[in-house]
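Everything on this sheet refers to the single structure shown next.
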Amino acid sequence: MKCLIVTGDDFGISRGINRGIVEAHLSGIVTSTSLMVDRPACEEAVALARWCQTLSLIGFRDLPTLAAPAEAIPAPGDAA
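Residue numbering for the sequence shown follows the numbering used here, beginning at 61 and increasing consecutively.
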């Protein structure tokens, strides 16, 4: 039997991402996620993971501190 693991990335980074990962899991698409610690919606993600116990947390991640605010970094395709 073959099994496909689909990981929802960035759990905890925003409420929208959290909801999307849980909805995708409840729909049978996402099987696991990694928690972004010290992010704006991390506490909500932890609460959702406790509620949705079939969603596997496979790791914890943190982003390095940026030297410049995120708003100052140009988006891909933006003219420099």
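Each residue gets a CB set at the ideal place from its N, CA and C atoms; glycine is no exception. Every value quoted in this text rests on a predicted model; they were computed, and no experiment measured them.
MET96 is bridged by DSSP to ARG121. For GLY68, DSSP records a beta bridge to THR93. Contact check for PHE71 against LEU86 fails: the beta carbons are separated by 8 Å or more.
Distance from the Cα of ALA107 is smallest, within the candidate group GLY119, VAL66, PHE120 and ASN78, for ASN78. Straight-line measurement puts the Cα of GLN113 at about 35 Å from the Cα of GLU131. By the criterion of a C-beta distance shorter than 8 Å, ARG121 is surrounded in its chain by SER94, LEU95, MET96 and VAL97, once the five residues flanking it on both sides are discounted. Bridge pairing for SER116: SER92 [DSSP].
Looking at THR67, GLY119 and PRO136, the one whose alpha-carbon comes closest to that of VAL90 is THR67.
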